[in-house]
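Read in order, the letters of the sequence shown are residues 6 to 281 in this note's numbering.
The beta carbon of each residue, even a glycine, is placed where N, CA and C say it ideally should be.
Take a look at the structure below.
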Amino acid sequence: MKSSFLVTILVENTAAGRGLLGEHGLAYLIETGSHRILFDTGQGLVLKHNAQQLGICLENLDAVVLSHGHFDHAGGLMVLLDEGCQATNLFLHPSTLQPKFSKRGEIGSPIQDKETLEKQFRQLVWTDKPTEIVSGIYVTGTIPRVHPLEDTGGDFWQDSQHDRVDFLLDDRALFFEAREGLVVVLGCAHAGVINTLNYITQLTGKEKVYAVMGGMHLINASRDRLQATVETFIKYDVQLIGANHCTGMTALAFLWHHLAGRCFSCHVGTRFEFGT
Numbered sequence: 006m007k008s009s010f011l012v013t014i015l016v017e018n019t020a021a022g023r024g025l026l027g028e029h030g031l032a033y034l035i036e037t038g039s040h041r042i043l044f045d046t047g048q049g050l051v052l053k054h055n056a057q058q059l060g061i062c063l064e065n066l067d068a069v070v071l072s073h074g075h076f077d078h079a080g081g082l083m084v085l086l087d088e089g090c091q092a093t094n095l096f097l098h099p100s101t102l103q104p105k106f107s108k109r110g111e112i113g114s115p116i117q118d119k120e121t122l123e124k125q126f127r128q129l130v131w132t133d134k135p136t137e138i139v140s141g142i143y144v145t146g147t148i149p150r151v152h153p154l155e156d157t158g159g160d161f162w163q164d165s166q167h168d169r170v171d172f173l174l175d176d177r178a179l180f181f182e183a184r185e186g187l188v189v190v191l192g193c194a195h196a197g198v199i200n201t202l203n204y205i206t207q208l209t210g211k212e213k214v215y216a217v218m219g220g221m222h223l224i225n226a227s228r229d230r231l232q233a234t235v236e237t238f239i240k241y242d243v244q245l246i247g248a249n250h251c252t253g254m255t256a257l258a259f260l261w262h263h264l265a266g267r268c269f270s271c272h273v274g275t276r277f278e279f280g281t
């Protein structure tokens, strides 16, 4: 019987600790007494290395969940295929494997054909609805875009000609209820941090959120949006805020300045344990 939720950062832009490596991307291992979930996979360059350095085996995962289909979150799928995850369920949004572009060019998943994944994973679970991954851990599905100040955080398209805007409806977050309170784990929060927290509290009926960690894609955010984000953290009485990855230095400084005592570093090697 599980006694805690243990969250380990395996991939992030920054690393702290002997032998650990950073890369632009995110991957978390979430462990309970009976289940192991990998949420995102990074680009694939440091996932296996960091796991080995931290004494973590990438085999025997119960589930792999992709927050969305960008290369810095889905790139490590190739590593998992090499490691042999045939007994693992892979949770994807219906648009996760679709082509994705930005001003830098193609930025989608290196694997875009479901046949390859079907051969390697036990089951592909396509869902755009709130879904329980394993007992007590959920993925949001498509997050409603409601707040007037929030957008995807950049210019994204579904084609190389930049004719079809990509609203990144595949952007999703994980959440679970620990003894301390509700814990939210973000990929990039392209749906917006405010929209994400509003939706999860609506789903759970909770008025408070204990911890929020992950990429917040506030790198291009206006001061008004940053202020609204801070006010949302205060509204939900968030006690632990681990902004990282795509949040942006200006936004990180803004959060640390206005929410002193609540923010914490969230780099490769960081581990958090929450009670059940």
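Report the rounded CA-to-CA distance for residue i versus residue j, giving the unit in angstroms.
i: G186; j: Q207; result: 15 Å
i: E236; j: D87; result: 44 Å
i: D77; j: A265; result: 29 Å
i: L25; j: S270; result: 15 Å
i: R169; j: C193; result: 21 Å
i: V188; j: K119; result: 31 Å
i: A56; j: E64; result: 11 Å
i: N18; j: I112; result: 17 Å
i: D171; j: I148; result: 15 Å
i: V190; j: T121; result: 28 Å
i: T275; j: Y33; result: 10 Å
i: A20; j: S140; result: 31 Å
i: L179; j: T157; result: 18 Å
i: D164; j: D133; result: 22 Å
i: K7; j: V144; result: Confidence is the limiting factor: at K7 the pLDDT is only 48, short of 50, which leaves the residue's position unreliable, though a coordinate-based value still follows. About 19 Å.
i: P104; j: T234; result: 30 Å
i: F279; j: Q166; result: 46 Å
i: K124; j: V84; result: 15 Å
i: E212; j: G22; result: 36 Å
i: F277; j: F161; result: 33 Å
i: L257; j: I246; result: 10 Å
i: W131; j: H272; result: 30 Å
i: D242; j: T281; result: 20 Å
i: I61; j: G80; result: 19 Å
i: T13; j: Q58; result: 12 Å
i: D175; j: I35; result: 21 Å
i: R150; j: T37; result: 31 Å
i: K240; j: V69; result: 32 Å
i: V51; j: L173; result: 25 Å
i: F238; j: H195; result: 17 Å
Is it true that the CB of residue j sits closer than 8 Å to the CB of residue i?
i: G47; j: L31; result: yes
i: L11; j: D45; result: no
i: G197; j: H152; result: yes
i: I138; j: I199; result: no
i: V214; j: L231; result: no
i: G146; j: R109; result: no
i: S107; j: G159; result: yes
i: F181; j: I142; result: yes
i: L95; j: G74; result: no
Pick from the options: whose alpha carbon is nearest that of residue i?
i: S114; options: D133, L82, L129; result: L82
i: Q2; options: H262, R230, A226, R267; result: Limits of the chain in this structure are 6 at one end and 281 at the other, which puts residue 2 out of reach.
i: H98; options: H54, N225, Q117; result: Q117
i: H282; options: L15, R23, G38; result: It is not possible to answer for residue 282, since the shown part of the chain is limited to 6 through 281.
i: A183; options: F172, A216, Q166, E155; result: A216
i: T209; options: I199, P135, H73; result: P135
i: M254; options: A226, G74, K211; result: A226
i: T93; options: I224, L129, Y143; result: L129
i: R127; options: G146, G158, D67; result: D67
i: E155; options: I224, I35, I205; result: I224
i: G27; options: K53, E36, S39; result: K53
i: S39; options: L95, I239, A256, S9; result: S9
i: F259; options: D229, V273, T281; result: D229
Is there a Cβ of chain C sitting closer than 8 Å to that of residue i, yes or no?
i: T136; result: The chain labelled as chain C is not found in the depicted structure, where only one protein chain is given.
Exercise. At what residue ranges does the segment 196–258 contain a whole run of the alpha helix (DSSP H), taking only runs of 4 or more?
Worked result: 198–209, 228–240
For a minimum of 4 consecutive residues, which ranges assigned as the alpha helix (DSSP H) are wholly contained in the segment 68–128? 76–79, 82–88, 119–125
Exercise. Count the CB pairs spanning the segment 216–231 and the segment 247–258 that are closer than 8 Å, and state whether there are at least three.
Key: yes
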